[in-house]
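K.L.:
For the sequence shown, our numbering assigns the number -17 to the initial residue and increments by one for each residue that follows.
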Amino acid sequence: MSQSLRLKKNADRRLKAGHLWIYSNEVDIRETPLKAMQSGDVVRVEEANGRAIGVAYVNPNSLICARIMSRDPAMQIDRSLFVHRFKQALSLREQFFPQPFYRLIHGEGDLLPGLVIDRFGDILVVQLNTAGMQVLSDAIVDALEKVIKPAAIVFRNDTGGRRQEGLDAHVEVVKGTLPDEVLIEENGVRFAVPVLDGQKTGWFFDHRDNRAWLNRHVAGKRVLDVFSYVGGWGVQAAASGASEVLCVDSSAPALERVARNAELNGLHEQVTIGEGDAFEALSALKADGEQFDVVVLDPPAFIKKRKDIPNGERAYTRLNREAMRLLGRDGLLLSASCSMHLAPERLVDVVRGAVRHQDRHGQVIFQGHQAADHPIHPAIPETAYLKALGVRVFRD
């Protein structure tokens, strides 16, 4: 490792507190010309006085221009480091999950910034979200083969983060052969997962615990699952005794998979599907006089950047208002957000405002977050992104 990245005076404070990101305006470019470096180069990170404090990979074309991989300046970023980190991550998952269905690597939360790996039994789906991880892809695959010995490894390199890093988008099976269906089990319910063409890696393990909570409160209820994707919430609700479940999504392929997942569990009679825009579907259901005991709102991130906060909060507000209009006199709303820029207290504010807009009362009876396979880095607030509220909505 011949290159160094020298920081400006006092720019190391966040790093000493545990953070892993270095911003371009924190670099002393006179001492270490950042633009002369190549994306993916591994560098020794130095304080303003020249003392080495870690090793990182760089992308001179990104606002986050470097990400710490180790606090040991002499550490080699190679297969051995990945083997070590993968074993650390695996030991955590095996403590909490008896079956091999989980997020194996959660980026910064597992001290591997820019890397996401979801495990579906002996199938691994990998997202290389940064230039540094792209350069290290061979070492990552070699380490996975040693630690997990998977039957197949899929690269889902089609994320928005890659575009920001100046990387191309592509999806490929880099090892082995995929079976006709990739199957998982969550909370006792089986699902077929679209790992090649579904959203993100094909499944959202982060809501596992929140779905388990809801499952305990749906027996005999009529449930509406909005933004249903492949039926994670809705099919589990049916399996937990819901009398009827309607899954709504704008994607026809996703709804086909809802039907398939309902069939896998013998629930095709309880689960129906409706294709369309969520807001339009909610209005149409209200116009038709429909009413539900439980409504689940698990939308995509309405707030991707800080500048989106005002419009995003308005979208969350409108969505929750429309959903509450469909609840009976004493109903249950599960309102979620995966927008890291929406603070938990703001989601409570959104729900409170929606309740009052309907001239009803609300009681927050559950506050959920991401499961243990999505560990939160205590120095990086952005890793704590998921929020879920269980709200009783009722009238006097």
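A virtual CB, placed ideally from N, CA and C, is assigned to each residue, including glycine. Source: prediction; values computed, not measured.
Please return the same chain residues whose Cβ sits closer than 7 Å to the Cβ of S(-14), not counting the five positions on each side in sequence.
P.N.:
Cβ neighbours of S(-14) beyond the five flanking positions: T14, V25, R26 and E28.
K.L.:
Since P357 and D92 should fall inside the 8 Å C-beta cutoff, what is the C-beta to C-beta distance between them, to a whole number of angstroms?
P.N.:
The pair is a contact, with the Cβ atoms about 7 Å apart (cut-off 8 Å).
K.L.:
Using a Cβ-Cβ cut-off of 8 Å (strictly less than) and excluding sequence neighbours within five positions of L16, which residues of its own chain qualify?
P.N.:
For L16, where only same-chain residues beyond five positions count, the Cβ hits under 8 Å are L(-13), S6, V9, V40, P42 and C47.
K.L.:
Can you list, in chain order, the residues of its chain with a C-beta nearer than 6 Å to that of F348? Leave out the 5 residues immediately preceding and following it.
P.N.:
Answer for F348: W195 and G372, listed in chain order.
K.L.:
What is the DSSP secondary structure of A236, counted as helix, strand or coil?
P.N.:
In the structure shown, A236 sits in a helix (DSSP, three-state: H, G or I).
K.L.:
Hey, quick one: how far does the beta strand (DSSP E) through S52 stretch, first residue to last?
P.N.:
S52 -> beta strand (DSSP E) spans I46 to S52.
K.L.:
Spatial neighbours of R101 within its chain, please: C-beta separation below 6 Å, excluding the five flanking residues on both sides.
P.N.:
Counting only Cβ-Cβ distances below 6 Å, and skipping sequence neighbours, we find P82, Y84 and L86.
K.L.:
So the alpha helix (DSSP H) G382 belongs to, where does it begin and stop?
P.N.:
Missing from the structure shown is residue 382; the chain here goes from -17 to 378 and no further.
K.L.:
With DSSP as the reference, please indicate the residues paired to I130 in a beta bridge.
P.N.:
In DSSP, I130 forms no bridge with anything.
K.L.:
So, L315 versus M306, is the Cβ gap smaller than 8 Å?
P.N.:
The answer is yes: Cβ separation under 8 Å.
K.L.:
Opposite I4 in the DSSP bridges: which residues?
P.N.:
I4 pairs with A48.
K.L.:
Could you say which of M57, L308 and I130 lies nearest to S73 if we only look at CA atoms?
P.N.:
Considering only alpha carbons, the answer is I130.
K.L.:
Taking G313 and V276 to be in contact with their CB atoms under 8 Å, please state how far apart those CB atoms are, rounded to whole angstroms.
P.N.:
Going by Cβ atoms, the distance from G313 to V276 rounds to 7 Å, so yes, they are a contact pair.
K.L.:
Going straight from the alpha carbon of G202 to that of G310, what length do you get?
P.N.:
If you take the alpha carbons of G202 and G310, they lie about 14 Å apart.
K.L.:
Measuring CB atoms only, is the segment 231 to 240 touching the segment 252 to 264, in the sense that at least three cross pairs come out at less than 8 Å?
P.N.:
Taking 8 Å as the limit for Cβ pairs, the verdict is that the segment 252 to 264 does touch the segment 231 to 240.
K.L.:
Out of A125, N31 and V153, state which residue places its alpha-carbon closest to the alpha-carbon of G184.
P.N.:
Cα-wise, what sits closest to G184 is V153.
K.L.:
Please name the residue or residues paired with I99 in a DSSP beta bridge.
P.N.:
Partner(s): I87 and V108.
K.L.:
Could you check which residue in G170, I285 and K182 has the C-alpha nearest to that of R328?
P.N.:
Out of G170, I285 and K182, I285 has the C-alpha closest to the C-alpha of R328.
K.L.:
If you draw a straight line from the alpha carbon of T365 to that of V177, how long is it in whole angstroms?
P.N.:
Those two C-alpha atoms are separated by around 23 Å.
K.L.:
For L63, does the count of other Cβ atoms within 10 angstroms reach 16, so buried, or fall short, so exposed?
P.N.:
Buried.
K.L.:
Examine the Cβ distances between the segment 103 to 110 and the segment 128 to 143 and report whether three or more of them are shorter than 8 Å.
P.N.:
Result yes; three or more Cβ-Cβ pairs closer than 8 Å.
K.L.:
Taking 6 Å as the limit between beta carbons, can you name the residues of its chain near A220, skipping five residues before and five after?
P.N.:
If we look at A220 and ignore the five residues flanking it on each side, its Cβ neighbours are V227, L249, Q252 and V253.
K.L.:
Could you pull the DSSP bridge partners for T254 from this structure?
P.N.:
Partner(s): L228.
K.L.:
Helix, strand or coil for E28 per DSSP?
P.N.:
Strand at E28.
K.L.:
What's the gap between the Cα of V164 and the Cα of K(-2)?
P.N.:
Using only the alpha carbons, I get a separation of about 42 Å.
K.L.:
Let me make sure I understand the geometry here. Which of D120, N31 and R49 has the alpha-carbon closest to that of A379?
P.N.:
Residue coverage of the chain in this structure runs from -17 to 378, which leaves residue 379 outside it and unanswerable.
K.L.:
May I ask you to report which of helix, strand or coil DSSP gives D120?
P.N.:
DSSP places D120 in helix when its eight states are reduced to three.
K.L.:
If you draw a straight line from the C-alpha of S319 to the C-alpha of R242, how long is it?
P.N.:
One C-alpha to the other measures close to 26 Å.
K.L.:
R311 lies in the beta strand (DSSP E); which residues open and close that run?
P.N.:
Run containing R311: L309 to S319, per the beta strand (DSSP E) assignment.
K.L.:
Quick one: what's I166 bridged to in DSSP?
P.N.:
Beta-bridge pairing links I166 to F173.
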